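Below is one structure; the comments refer to it alone.
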Amino acid sequence: MRRKAFIPLILGLAIGLFTVKLAVNTIRKAQASNAQVQTIKTVRAKEDIDAFAQITKEMVEVVEIADTPLVPPTERIEDPEKVVGRVAGKAIPAGVPILKTMLAPKGTPPGMVGRIPPGYRAVSVRIDEVTGVAYQIKPGDWVDVIVVMDVDTGARSKKETIAEVILQNVQVAAIGHTTRANEESGRRVRQAKSATLFVKEEDVPKLHLASTRGKITLAMRGADDAVTDKRLSADMGDVVPFLKPKKKGNRGAGLSPFLAMLGMGGKTTPKPKATAHPEPAVEPAEPRTVLVVRGGGSADAMERITFADADSAEILAVTKGVTGSAGAALVREARGDSAPRRATRVTRPQGGDGRAGG
Numbered sequence: 011m012r013r014k015a016f017i018p019l020i021l022g023l024a025i026g027l028f029t030v031k032l033a034v035n036t037i038r039k040a041q042a043s044n045a046q047v048q049t050i051k052t053v054r055a056k057e058d059i060d061a062f063a064q065i066t067k068e069m070v071e072v073v074e075i076a077d078t079p080l081v082p083p084t085e086r087i088e089d090p091e092k093v094v095g096r097v098a099g100k101a102i103p104a105g106v107p108i109l110k111t112m113l114a115p116k117g118t119p120p121g122m123v124g125r126i127p128p129g130y131r132a133v134s135v136r137i138d139e140v141t142g143v144a145y146q147i148k149p150g151d152w153v154d155v156i157v158v159m160d161v162d163t164g165a166r167s168k169k170e171t172i173a174e175v176i177l178q179n180v181q182v183a184a185i186g187h188t189t190r191a192n193e194e195s196g197r198r199v200r201q202a203k204s205a206t207l208f209v210k211e212e213d214v215p216k217l218h219l220a221s222t223r224g225k226i227t228l229a230m231r232g233a234d235d236a237v238t239d240k241r242l243s244a245d246m247g248d249v250v251p252f253l254k255p256k257k258k259g260n261r262g263a264g265l266s267p268f269l270a271m272l273g274m275g276g277k278t279t280p281k282p283k284a285t286a287h288p289e290p291a292v293e294p295a296e297p298r299t300v301l302v303v304r305g306g307g308s309a310d311a312m313e314r315i316t317f318a319d320a321d322s323a324e325i326l327a328v329t330k331g332v333t334g335s336a337g338a339a340l341v342r343e344a345r346g347d348s349a350p351r352r353a354t355r356v357t358r359p360q361g362g363d364g365r366a367g368g
């Protein structure tokens with residue numbers, strides 16, 4: 011019985027010794043393979059380096075890393091002196107080996123001036139959480155620039171609120187930040203306050219004028235969306251349908267030339283070609299005046315209501331009472347003393363003394 015009790019113990023010891031030997035052999039093979047891995051020296055970023063920032067000695071360090079195809083011999087940099095003083099051509103995160111392709115050409119000045127493409131200008135506009143897409147806009151993104159403003163329609167000195175896309179597919183060059191204290195954590199956080207855009211030189215005055223007269227809003231574009239041949243605009247008639255004019259062709263007819271100057275994307279709208287038979291100009295509708303008579307038809311009980319035209323419900327003026335010879339004639343007409351005039355007359359009876367006028 012005792013011999014049978016020792017058999018499982020002996021088998022367990024044998025299996026344990028085999029497992030230990032197998033683990034030791036695996037570790038030795040791993041150490042031998044690590045010893046055969048070749049290492050290289052390369053310059054690495056110690057901190058985040060912004061695009062087009064001048065690299066200093068404190069920003070980089072020399073480290074040994076495993077030889078990898080991600081750092082080819084033709085692109086690696088082993089001497090930090092070859093990096094110090096150069097300008098970063100793109101943003102370099104901390105801990106990433108610096109390659110030759112990450113550096114701007116020699117002689118490139120640091121800062122924004124080295125990034126502006128030929129024929130473009132760097133222009134900044136104010137943004138907030140709403141106009142800046144909830145602070146999601148980053149350098150390198152593409153946006154449309156929209157202006158919301160009041161313009162003179164030219165009709166009775168009235169103004170109309172419009173929204174117009176004045177620039178399309180514009181690249182964001184930089185985001186300006188300000189710091190403020192967080193009420194919950196007490197820490198100071200960075201908050202975007204401006205966006206710098208790469209704008210064609212012919213569009214710079216347009217953007218400055220729009221930012222002065224109205225409110226600028228940025229709309230972020232998709233990565234694969236580069237369509238710029240659509241003219242996009244809206245007015246109060248698009249928001250509130252009943253404000254749209256009844257007659258076709260009148261919408262925007264009285265808007266000031268300021269809208270034409272803020273054409274889409276810097277493109278000049280071509281002038282229409284002259285035709286042999288131009289369409290006749292539409293004459294403006296004449297106002298319609300309605301005479302309202304209350305009570306017995308005295309001058310003080312009358313009032314004139316002037317509408318924009320015969321089909322419009324828009325009231326231009328209300329004049330209470332009538333005076334002079336014209337007023338006396340209207341009083342006699344309301345009392346039935348003379349032949350009716352051409353002016354429209356509406357009588358509203360009051361109690362039992364009122365009389366209906368024709």
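For the sequence shown, position 116 (counting from the first letter as 1) is numbered 126 according to my numbering, and the numbering increases by one without interruption.
Quick reminder that beta carbons are idealized off the backbone N, C-alpha and C, glycines included.
Note that the structure is predicted; figures quoted are calculated from it, not measured.
- Per DSSP, leucine 219 is one residue of the alpha helix (DSSP H) stretching across 214-223.
- Annotation: arginine 231 to lysine 67 spans about 38 Å, alpha carbon to alpha carbon.
- Closest option to leucine 207, judged by alpha-carbon separation, among Ile126, Ala220, Glu324, Asp160: Ile126.
- A straight-line Cα-Cα distance of about 34 Å links glutamate 74 and valine 30.
- CA-CA distance, glycine 224 to serine 134, rounds to 15 Å.
- The continuous alpha helix (DSSP H) containing valine 249 extends over residues 246-249.
- Beta-bridge pairing by DSSP links arginine 131 to Val209.
- With fewer than 16 other CB atoms across the displayed protein chains lying within 10 angstroms of its CB, phenylalanine 28 is exposed.
- At a Cβ-Cβ threshold of 7 Å, aspartate 89 and isoleucine 50 do not count as neighbours.
- Contact between the region 174-187 and the region 148-162 is present: 3 or more CB-CB pairs across the two stretches fall below 8 Å.
- The C-beta distance from glutamate 85 to lysine 110 rounds to 5 Å, short enough to fall under 8 Å.
- Distances from the CA of proline 103 to each of Arg54, Gly247, Ala132 were compared; the closest alpha carbon is that of Arg54.
- A Cβ-Cβ contact shorter than 7 Å links phenylalanine 62 with valine 97.
- With contacts defined as CB atoms closer than 7 Å, glycine 99 and leucine 113 qualify as a contacting pair.
- Residues of the same chain with a CB within less than 7 Å of the CB of alanine 229, apart from the 5 flanking positions on each side, are Val153, Asp154, Ile156 in chain order.
- Across the structure, isoleucine 315 and proline 297 are spaced so that their CA atoms are roughly 10 Å apart.
- Distance from the Cα of glutamate 174 is smallest, within the candidate group Val34, Asp245, Glu57, Gly129, for Asp245.
- DSSP places valine 73 within a strand segment (E or B) once states are collapsed to three.
- According to DSSP, residue pairing for glutamine 181 in a beta bridge involves Trp152, Phe208.
- When Phe317, Pro215, Pro107 are compared, the shortest CA-CA separation from lysine 56 is found for Pro107.
- Within its own chain, the residues whose Cβ lies closer than 8 Å to the Cβ of glycine 186, once the five positions on either side in sequence are excluded, are Ser134, Ala202, Lys203, Ser204, Ala205, Thr206, listed in chain order.
- Taking leucine 219 as reference, the option from Val161, Leu242, Tyr130 with the minimal CA-CA separation is Val161.
- Here the alpha carbons of lysine 210 and isoleucine 176 stand approximately 12 Å from one another.
- When C-alpha distances from threonine 141 are compared across Pro115, Tyr130, Gly129, Val158, the shortest belongs to Val158.
- Nearest in C-alpha terms to glutamate 170, of all of Ile17, Thr118, Gly247, is Gly247.
- Residue range 325-330 is occupied by the beta strand (DSSP E) that includes valine 328.
- In this structure valine 81 is buried. Its beta-carbon is surrounded by 16 or more other beta-carbon atoms within 10 angstroms.
- Ranking Val214, Arg241, Leu217, Gln178 by CA distance to the CA of aspartate 235 puts Gln178 first.
- Counting other Cβ atoms within 10 Å of its Cβ, valine 328 stays below 16 and is therefore classed as exposed.
- The criterion of a C-beta distance shorter than 7 Å is not satisfied by proline 128 and glutamine 64.
- Our two residues, threonine 299 and serine 243, have alpha carbons roughly 36 Å apart in a direct line.
- When the Cα atoms are used, aspartate 60 and aspartate 239 turn out to be separated by approximately 34 Å.
- Straight through space, the alpha carbons of alanine 33 and alanine 40 are spaced by roughly 11 Å.
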